[in-house]
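Everything on this sheet refers to the single structure shown next.
In the numbering used here, the protein residues as written are 13 to 184.
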């Protein structure tokens with residue numbers, strides 16, 4: 013798989029590095045409607061995806077390069093956490109689903125990094141603590157979003173039922 017994985021990683025990485033500044037500029041200069049603001053948390057996912065792709069595609073990944081990618085991905089992760097705190101104060105929107113993937117993929121990337129470099133004695137125990145913290149945050153966010161979706165579906169079903177009842181009463 014390295015024969016295909018490595019060129020695909022480099023292609024994805026180069027595209028990500030080229031596009032990221034434009035995305036960041038767009039996000040910072042043009043305000044988004046409230047309902048789409050939670051989608052901004054997705055900005056943390058591609059860096060972690062690139063890290064996972066790199067670690068999966070190379071038999072002997074370069075520690076310095078992987079660490080640089082991890083640091084960048086973690087910076088975006090913490091930026092996302094800070095943003096989520098602000099966005100959870102908004103009314104519920106289906107776009108809240110965007111909170112889950114970046115948190116899960118960041119925890120997955122950190123877990124993969126630790127698994128590869130811990131066997132070589134190159135990982136500090138603090139990373140393991142961070143890893144479990146990220147999995148806890150991701151799990152809690154999954155519960156939070158699922159709970160809000162269930163409530164949203166309950167309220168939608170109630171509204172549909174009331175509308176159907178009112179329509180039927182008007183037609184009688």
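Note that CB positions come from ideal geometry on N, CA and C, so glycine has one too.
Here the structure is a predicted model, which is why all the values come from computation and not from measurement.
CA nearest to the CA of residue 24, picked from 43, 46, 61 and 51: The alpha carbon of residue 24 has as its nearest neighbour, out of 43, 46, 61 and 51, the alpha carbon of 61.
Contact check, residue 153 vs residue 115, beta carbons under 9 Å: It is a contact, given that the beta carbons lie within the stated cut-off.
Contact between the segment 115 to 125 and the segment 84 to 98 (3+ Cβ pairs under 8 Å): The segment 115 to 125, when compared against the segment 84 to 98, does touch it at the 8 Å Cβ threshold.
For residue 146, the first and last residue of its enclosing alpha helix (DSSP H): Residues 137 to 183.
Where residue 21 falls: helix, strand or coil (DSSP): In this structure, residue 21 counts as helix in the three-state DSSP scheme.
Backbone CA spacing between residue 180 and residue 34 [nearest angstrom]: Straight-line Cα distance between these residues: approximately 52 Å.
Per-residue burial, residue 185 [other beta carbons within 10 Å of its own, 16 or more giving buried]: Lying before the first or after the last residue shown, residue 185 is absent from the chain, which here runs from 13 to 184.
Assigned exposure category for residue 31 - 16 Cβ within 10 Å defines buried: Around the Cβ of residue 31, a 10 Å sphere holds fewer than 16 other Cβ atoms; the residue is exposed.
Other residues of its chain near residue 67: CB distance less than 7 Å, five sequence neighbours each side excluded: Closer than 7 Å at the Cβ level, and outside the excluded window around residue 67, lie 73, 78, 124, 125 and 128.
Identity of the residue in 65, 49, 40 and 27 nearest residue 16 by Cα: Closest by alpha carbon: 65.
Where the alpha helix (DSSP H) containing residue 97 begins and where it ends: Run containing residue 97: 75 to 99, per the alpha helix (DSSP H) assignment.
Cβ-based neighbour list, residue 160, same chain, cut-off 7 Å, excluding 5 preceding and 5 following: Within the same chain, residue 160 has close Cβ partners 104 and 108.
Coil, strand or helix - residue 61 by DSSP: Shown here, residue 61 sits in a helix according to DSSP, grouped into three states.
Short Cβ contact (9 Å threshold) for residue 59 with residue 84: For residue 59 and residue 84, yes; Cβs fall inside 9 Å.
Endpoints, the alpha helix (DSSP H) within which residue 113 is located: Unbroken alpha helix (DSSP H) run through residue 113: 112 to 130.
Residue 42, DSSP secondary structure in three states: Secondary structure of residue 42 (DSSP, three-state): coil.
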